[in-house]
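Residue numbers (my numbering), protein chains in the order written: chain A, 1 to 218; chain B, 1 to 218; chain C, 1 to 211; chain D, 1 to 211.
Glycine included, each C-beta is placed from N, C-alpha and C at the ideal position.
Taking it in order: structure first as structure tokens, then the write-up.
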Amino acid sequence: MDGAHDMGGMDGFGPVVADGAVFHGDWERRLFALTRVARTAEITAGHSRAVIESMPPVEYLEASYYERWMWGLEERLVRAGTVTHADVDAAVARGADGRAATGMDAELAGRALAAQQAGGPLPTAAEPAFRPGQRVRVRRMRPEGHTRCPRYIRGATGVIERVHGDDLLADAAARGERDPVEAVYAVRFRSDDLFGPRDEPPYRVLVDLWESYLEEPD
Amino acid sequence: MDGAHDMGGMDGFGPVVADGAVFHGDWERRLFALTRVARTAEITAGHSRAVIESMPPVEYLEASYYERWMWGLEERLVRAGTVTHADVDAAVARGADGRAATGMDAELAGRALAAQQAGGPLPTAAEPAFRPGQRVRVRRMRPEGHTRCPRYIRGATGVIERVHGDDLLADAAARGERDPVEAVYAVRFRSDDLFGPRDEPPYRVLVDLWESYLEEPD
Amino acid sequence: MHDHDHDHGHDHHERPASDSELRARALEALLVERGLVSTDAIDAVVAYYENDVGPQNGARVVARAWVDAEYRTRLLSDGSSAIAELGYGGVEGEHMVVVENTPDVHNVIVCTLCSCYPWPVLGLPPTWYKSEAYRARVVAEPRRVLSEFGLELDPDVELRVWDSSAEVRYLVLPERPAGSDHLGEEQLAALVSRDAMIGVARAGDAAGAPA
Amino acid sequence: MHDHDHDHGHDHHERPASDSELRARALEALLVERGLVSTDAIDAVVAYYENDVGPQNGARVVARAWVDAEYRTRLLSDGSSAIAELGYGGVEGEHMVVVENTPDVHNVIVCTLCSCYPWPVLGLPPTWYKSEAYRARVVAEPRRVLSEFGLELDPDVELRVWDSSAEVRYLVLPERPAGSDHLGEEQLAALVSRDAMIGVARAGDAAGAPA
């Protein structure tokens, strides 16, 4: 969906604020870890990015990064039937505090830790439709659900920079589907072809795009 | 600027809520009228739409329509040096209430009323570069300031539907400039050319665009 | 359309009205006290938009076009002048274009960038017209939006969505309801709702957003 | 960059931290009490991202590439494998691409849609990287953004902004600072800041966003 999260090229957010902190307060650190553990424990449902993108725009923009994570975690716990919003409200009301709770599960701890270190690169693209150097155009679209094709490149023409490999289309993944698996490319755009002539010297923007987002130019 | 106000095609705002009210409460009605009178009284500075668009995105989205007007009115009064934000804060703090204030100025009242009824149509376009039926493409751009070229049509190709007349380019008007005066067109787009194939039958979108926003397609 | 908000998430228009109201009242008091504006001027503008301007004006234009073919021709070829014949005009209606609904074509009006609206003929815009949802969606899924208003269009009808992005304002000339041949101009005007002149309802329909 | 917000308008990140903190703590308590997650698992994950993962990893990769030409070649042709040689890998770094800065080319990384970032080599992202302003602006006015970080690029330098919109993560291989020939691998690694590996600073620069 084309929501407030799709920020590339947007205006009105002011200057970049010089804050290099990774976390603000210990609760953000634990909330981050809790989200990772909940994934290993398989107590959530739904696609994490897609769920966060479903936040109402004002709430999304108002929230800090880990507030968005928290909103998403709670929502996905609720969708899985693990807890209800009322459960969480009640826990807040009685002052429940994770720092006071203790529950040990060495097996879960081991699996959660291992999960952070798992995974490997994408397989080589089996049948890429486009080759490096080829001109492609980003399709114009208005996806109902999650997508990883940002708005600021829609309809623009670029050149295939590299073929990364094959991957499950993010839009399908967010719907819980297992296909299509298709080539992912880095596509190179000239800044003029995205935003017109600017007061900055021309530059390049390279965007990773699934094959479904692309078409041959006229 | 490409800000939160540019809503065409955006997602995440939910269903259209069935609220046919023109005002919510008497204060909105008076704020509307106050804004109109302030214009006649020439006590504001800055372009009203451009100023409202400069609201921080969260505030813009959070505000109701007349809250945006109020924010814009106060800002333009401040820019003109008529009041300061501190003046308004102080007036709020002492409970100043327009309903209790009385100040008569029949001459201003007459002028304000006449201003509502003034104005006429655009002059016929003197030298339009495009003619009805001609294909045009909307320039890709990222304007620093105010513009009336919405994002959802950038880079799209359409057809000139009609030539409305000549008008001062909105972008220049917002900068306080008096030119260029140029042709304004209604440009007709096929829905597929804006948003790709949809689950709705194809339709047309017609957008009023200044000549500067348009170019000849390749 | 729904008359409630999402479950999970606050209603972003429920920002405490009192704060805004207090600031608006204080702003008015401040400017009146300093003699920069006057209460009679504010009252005059309030009264003008309350009494002289509103969808009743547009309805008279539409009814006249239904009964007077020559007027209809003038209205469609030069909206501003034909509307001025009935005495309507002014701010946010200086340059008017009237678009005609037929059995084959349906028009609907929006302003995606703010909420431009033809004040002299329709008055000030209803809340739904100014809403994020309407501004965002009607250019991208117009049949779904119209359906939420209770208006179902045949798939063969050419739907035209007009985005009022410049200083031109639009009025929809709805189709004259079937079976209205016996009605006079004033009775016909009573059939023409604000929503029909925006294009989210048909003339004569009870449907459309509540006023 | 500025370290303050606009004058007129509230800071939209100053939403009461206490509410969020209380809810986060309650959520953790609730899930622990029900035996769905465990505190030792949370502690283990916290410790992992606190101790084992961070920009020190990326800095070792960069320093190795500076001193070992064959490693550099492997790193640029197959980032994931070369990084794994040094023992780094895992979530949000499964498929790594390393892009090299040269006197003629400068690379900078962003994720406009969320805040994707190469966790195994850089740790978790700094606040500015996750900010609306960085996500919005660096694809549209990158030189102005870099200039706010204190990094001025020659107009002739080809600037390449990488938007991490799929499951590929990027690491910038900065230029080796002039005058660093005498330094060993460990000393070189100490010159490589997180910001240099994102592309908003040069290696060896004191500049860049405060950590």
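{"Asked": "Alpha-carbon to alpha-carbon, residue 85(A) and residue 30(D)", "Found": "12 Å"}
{"Asked": "Cβ-Cβ separation, residue 129(B) to residue 211(B) (assumed contact under 8 Å), whole Å", "Found": "6 Å"}
{"Asked": "Spatial neighbours of residue 79(A) in its chain, beta-carbon cut-off 7 Å, leaving aside the 5 residues before and after", "Found": "45, 46"}
{"Asked": "Of the listed residues 122(C), 200(C), 181(C), 87(C), nearest to residue 159(C) (C-alpha basis)", "Found": "200(C)"}
{"Asked": "Per-residue contacts from residue 13(A) into chain D (C-beta, under 9 Å)", "Found": "131, 132, 133, 134, 135, 136, 137"}
{"Asked": "Identified DSSP bridge partners for residue 188(B)", "Found": "159(B), 206(B)"}
{"Asked": "CB contact check: residue 64(A) to chain B, cutoff 9 Å", "Found": "no"}
{"Asked": "Where residue 26(C) falls, given that 16 or more other Cβ within 10 Å makes a residue buried", "Found": "buried"}
{"Asked": "Cβ contact check for the stretch 172-180 of chain C and the stretch 94-110 of chain C: 3 or more pairs under 8 Å", "Found": "yes"}
{"Asked": "Below-9 Å beta-carbon distance, residue 103(D) vs any chain A residue", "Found": "no"}
{"Asked": "Chain C residues whose Cβ lies nearer than 8 Å to that of residue 164(B)", "Found": "95, 97, 166, 168"}
{"Asked": "Per-residue contacts from residue 130(B) into chain C (C-beta, under 7 Å)", "Found": "Here the premise fails: no neighbours, minimum Cβ distance about 15 Å."}
{"Asked": "Within chain A, the residues that residue 195(B) reaches when beta carbons sit closer than 8 Å", "Found": "140, 141, 142"}
{"Asked": "Per DSSP, the bridge partner or partners of residue 215(A)", "Found": "137(A)"}
{"Asked": "Cβ-Cβ separation, residue 7(A) to residue 136(D) (assumed contact under 8 Å), whole Å", "Found": "4 Å"}
{"Asked": "Close beta carbons around residue 203(B), own chain, < 6 Å, minus the five adjacent residues each side", "Found": "191"}
{"Asked": "Any non-hydrogen atom of the ligand NAD closer than 8 Å to residue 32(D) Cβ", "Found": "The ligand NAD is not part of the structure shown, which contains no ligands of any sort."}
{"Asked": "Contact belief for residue 138(C) with residue 110(C) at Cβ below 8 Å, rounded distance in angstroms", "Found": "5 Å"}
{"Asked": "Inside the stretch 156-195 of chain C only - alpha helix (DSSP H) runs reaching at least 4 residues", "Found": "185-189"}
{"Asked": "Per-residue burial, residue 182(C) [other beta carbons within 10 Å of its own, 16 or more giving buried]", "Found": "exposed"}
{"Asked": "Cβ of residue 86(C) within 9 Å of any chain B Cβ", "Found": "no"}
{"Asked": "Chain B within 9 Å of residue 73(C), Cβ atoms only", "Found": "no"}
{"Asked": "Interfacial residues, the stretch 106-117 of chain D to chain A, with Cβ spacing under 7 Å", "Found": "112, 113, 114, 115"}
{"Asked": "Same chain, Cβ closer than 7 Å to residue 152(A), neighbours up to 5 away in sequence not counted", "Found": "8, 9, 194"}
{"Asked": "Residue range of the unbroken beta strand (DSSP E) whose run includes residue 100(C)", "Found": "96-100"}
{"Asked": "is_contact[residue 182(B), chain C] using C-beta, thresh 9 Å", "Found": "no"}
{"Asked": "The stretch 105-122 of chain A / the stretch 27-43 of chain A touching (three or more Cβ pairs under 8 Å)", "Found": "yes"}
{"Asked": "Per-residue DSSP class, three states only, for residue 101(A)", "Found": "coil"}
{"Asked": "Residue nearest to residue 161(A) in terms of C-alpha spacing, selected from 76(A), 188(A), 97(A)", "Found": "188(A)"}
{"Asked": "Alpha carbon of residue 9(D) to alpha carbon of residue 85(D), nearest angstrom", "Found": "The predicted position of residue 9(D) is uncertain, since its pLDDT is 37 and thus under 50; a value taken from the coordinates is nonetheless stated next. If I take the Cα positions, the gap works out to 50 Å."}
{"Asked": "Residue 110(C) - containing beta strand (DSSP E), residue span", "Found": "105-110"}
{"Asked": "Contacts around residue 30(B), its chain only, beta-carbon distance under 8 Å, and the 5 residues preceding and following it disregarded", "Found": "98"}
{"Asked": "Minimum length 4: unbroken alpha helix (DSSP H) runs contained in the stretch 46-77 of chain B", "Found": "48-53, 57-62"}
{"Asked": "Given residue 94(C) as reference, the closest of 176(B), 74(B), 119(B) once Cα atoms are compared", "Found": "119(B)"}
{"Asked": "Beta-carbon separation (whole angstroms), residue 149(A) vs residue 209(A), contact threshold 8 Å", "Found": "6 Å"}
{"Asked": "Residue-chain proximity (residue 135(A), chain B), Cβ-Cβ < 9 Å", "Found": "no"}
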